[in-house]
Amino acid sequence: MRRAILLIFLSSFTLGQTIKGHSIGENLQDYIARTPNGSDQVQRCRTVGTDRKLAKKLKLDVAECSALLSAIDNGSRLVLSHPPKFNGDLTFENGRLSKMHFTIGEENYFLPRDQQTRILFEQVVSELAERFGAPSNHSDFVTQNGFGATFHHRNVFWDTPILHIFAFEADAKIDFPITSVTIETQDEYRRETAESESVKALD
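When we follow the numbering used here, the leftmost residue of the sequence shown carries the number 1, and every step to the right adds one.
If you want it as structure tokens, here you go:
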């Protein structure tokens, strides 16, 4: 009984963690409501339907509108790439956010030097640990270029009862460090793992 209560507490705690303005489990309808022009976009998509001429006139993509409306009405899977104020992807399943993937530091390539913010991999891991506890494991992925130089890409992951979190040091350069972060439900992680294992190299 005590273990069940603890798991419920941990589940609500980890789901309630807000990262980059989003939290796993957030409602798609709520996301649309607080996104600038989100509700207007939905209404415009409903107006367009499958009318490609009208969609072109309103500068809408019929396929994107169809995916959005299906996610709202039927709970279909929806992946939003680089939505407003988010440098990555948001995945909704059954009307709830099941996965967020984003990078930290990549935006520096497009900013003047005096506007750049240098955030090291260690800082990202530290802040994730504050929210999700001690990491479950860590490793070092080493690559080598044609000149023999080696590059280390550290990675750390957390497994909680309901979440899988993965932080990857995509670029360890001192001036432009880049960290990739994925936070997803365990169901989403298992689905992706099963899909990757089912892919045949020679098919």
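Even glycine gets a Cβ: it sits at the ideal position worked out from N, Cα and C.
Treat the numbers as computed from the prediction; the structure is a model and nothing was measured.
Here's the rule I'm using: 16 or more other beta-carbon atoms within 10 Å means buried, otherwise exposed. How should residue i be labelled?
| i | result |
| --- | --- |
| F92 | buried |
| S196 | exposed |
| K56 | exposed |
| A149 | exposed |
| A194 | exposed |
| S180 | buried |
| I173 | The residue you asked about is not Ile; residue 173 is Lys in the sequence shown. Per the 10 Å Cβ criterion, exposed. |
Does the separation of the CB atoms of residue i and residue j fall below 8 Å?
| i | j | result |
| --- | --- | --- |
| L68 | V42 | yes |
| L97 | G25 | yes |
| E169 | F121 | yes |
| W158 | P177 | no |
| I183 | I19 | yes |
| V125 | V156 | yes |
| G75 | N27 | no |
Considering only residues of the same chain and omitting the five flanking positions on each side of residue i, which have a CB-CB separation below 8 Å?
| i | result |
| --- | --- |
| L202 | none |
| G21 | K85, F86 |
| L6 | Here L6 scores only 37 on pLDDT, less than 50, and its place in the model should not be relied on; the value that follows carries that caveat. For L6, where only same-chain residues beyond five positions count, there are no Cβ hits under 8 Å. |
| V48 | L54, A55, L58, L60, V62, C65 |
| I119 | I104, G105, P177, T179 |
Using the DSSP secondary-structure output, state which residues sit across from residue i in a beta bridge.
| i | result |
| --- | --- |
| G280 | This structure cannot speak to residue 280, because the chain is shown only from 1 to 203. |
Return yes when the C-beta of residue i is under 7 Å from any heavy atom of the ligand SAM, and no when it is not.
| i | result |
| --- | --- |
| S23 | Among the components of this structure there are no ligands whatsoever, and the ligand SAM is therefore not found. |
Might you give, ordered along the chain, the residues of its own chain that have their beta carbon closer than 7 Å to the beta carbon of residue i, omitting 5 neighbours on each side?
| i | result |
| --- | --- |
| R52 | V62 |
| D89 | V79, L80, S81, H101 |
| C45 | L60, C65, L68, L69 |
| Q186 | I162, L163, H164 |
| F141 | H153, N155 |
| E127 | none |
Go through its chain and collect everything with a Cβ distance to residue i's Cβ below 6 Å, but skip five positions before and after it.
| i | result |
| --- | --- |
| E106 | I178 |
| E130 | none |
Which whole-angstrom value describes the C-beta separation of residue i and residue j, a residue pair presumed to lie in contact below a C-beta threshold of 8 Å?
| i | j | result |
| --- | --- | --- |
| F151 | T143 | 5 Å |
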